[in-house]
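Student: First residue of the sequence shown? That's 6 in the numbering used here, and the numbers climb one at a time after it.
Every residue, glycine too, gets a C-beta built ideally from N, C-alpha and C.
None of these values were measured; they are calculated from a predicted model.
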Amino acid sequence: MDIHLLPPSVENINLISCSLDYALHTRALPRALKDCFVSNNRLFGSVGLRTLPEHLVFLDLSRNRLVGPVDLTELPRTVKTLDLWDNRIRQSVVFFGQLPPNLIFIWFHYIARTNQIAELRGTSTENVERLGKLFEGIPLQNIHIE
Numbered sequence: 006m007d008i009h010l011l012p013p014s015v016e017n018i019n020l021i022s023c024s025l026d027y028a029l030h031t032r033a034l035p036r037a038l039k040d041c042f043v044s045n046n047r048l049f050g051s052v053g054l055r056t057l058p059e060h061l062v063f064l065d066l067s068r069n070r071l072v073g074p075v076d077l078t079e080l081p082r083t084v085k086t087l088d089l090w091d092n093r094i095r096q097s098v099v100f101f102g103q104l105p106p107n108l109i110f111i112w113f114h115y116i117a118r119t120n121q122i123a124e125l126r127g128t129s130t131e132n133v134e135r136l137g138k139l140f141e142g143i144p145l146q147n148i149h150i151e
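1) Between which two residues does the beta strand (DSSP E) holding Arg3 run?
2) In three-state terms, what does DSSP make of Val133?
3) Run the CB neighbour count on Ile109, radius 10 Å, all protein chains shown included, and call it buried at 16 or more, exposed below.
4) Mind pulling the alpha helix (DSSP H) runs of 4 or more residues that sit fully within the region 13–100?
5) So, under 8 Å CB-CB, Leu34 and Leu66 are touching, yes? Tell me the CB distance rounded to an integer number of Å.
6) Hey, could you find the ends of the beta strand (DSSP E) Leu125 is sitting in?
7) Which one of Pro106, Leu48, Ile150 and Glu59 has the shortest CA to CA distance from Asp40?
8) With distances taken between CB atoms, is the gap from Phe122 to Leu136 smaller than 8 Å?
9) Since Phe113 sits in a beta bridge, which residues does DSSP pair it with?
10) Hey, could you find the ends of the beta strand (DSSP E) Ile8 is sitting in?
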């Protein structure tokens with residue numbers, strides 16, 4: 006199943022471990038999408054987080070073959086969780102802006118450290134301790150606010 010061909014009115018996608026094997030284009034996701042769980046597939050390509058549907062709440066892209074660059078400067082205001090762990094993201098600096106108010110976490114790492122991200126740099130008004138909780142697995146000394 007190609008998630009890019011779903012009608013724009015689709016709000017939930019749950020295709021975990023379905024052997025999906027194609028390039029992910031976030032700009033082609035259904036515009037009404039709120040929950041998207043497509044972990045443990047073979048999705049590849051770059052992670053276009055600037056073109057996510059504006060009402061998205063949960064996005065799980067973990068355990069795929071996605072690469073960078075990752076840009077967290079324009080996440081939808083509704084996002085609560087963003088799972089990117091166990092992909093192939095290699096990036097020295099990930100930039101972030103003002104983070105969504107209801108954000109719970111963004112996972113780049115879990116047990117498997119397949120993503121390689123050296124530091125996070127941003128302009129958020131969040132305190133560093135909260136950012137450490139939001140960016141699960143990234144050491145506090147690697148999170149910088151300008």
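Tutor: The short version:
1) Nothing in the structure corresponds to residue 3, since the chain is present only between 6 and 151.
2) Along the sequence shown, one-based indexing puts residue 133 at 128. Here Val133 sits in helix by DSSP.
3) Start at 1 with the first residue of the sequence shown, and residue 109 comes out as number 104. Exposed is the call here.
4) List check, alpha helix (DSSP H) in window: nothing returned.
5) In the sequence shown, counting from the first residue as 1, residue 34 sits at position 29. In the sequence shown, counting from the first residue as 1, residue 66 sits at position 61. That belief does not hold up - the Cβ atoms of Leu34 and Leu66 are roughly 11 Å apart, past 8 Å.
6) In the sequence shown, residue 125 corresponds to position 120, counting from 1. Leu125: member of the beta strand (DSSP E) spanning Gln121 to Gly127, first to last residue.
7) In the sequence shown, the residue the question calls residue 40 occupies position 35. Shortest Cα-Cα distance from Asp40 to any of Pro106, Leu48, Ile150 and Glu59 involves Glu59.
8) Taking the sequence shown and counting its residues from 1, the one referred to as residue 122 is at position 117. Taking the sequence shown and counting its residues from 1, the one referred to as residue 136 is at position 131. Rather than Phe, the amino acid found at residue 122 in this sequence is Ile. Cβ atoms of Ile122 and Leu136: not closer than 8 Å.
9) In the sequence shown, counting from the first residue as 1, residue 113 sits at position 108. Assignment of beta-bridge partners to Phe113 by DSSP yields no partner.
10) Here residue 8 refers to the residue found at position 3 when the sequence shown is read from its first residue. First-last for Ile8: undefined, no H or E at that position.
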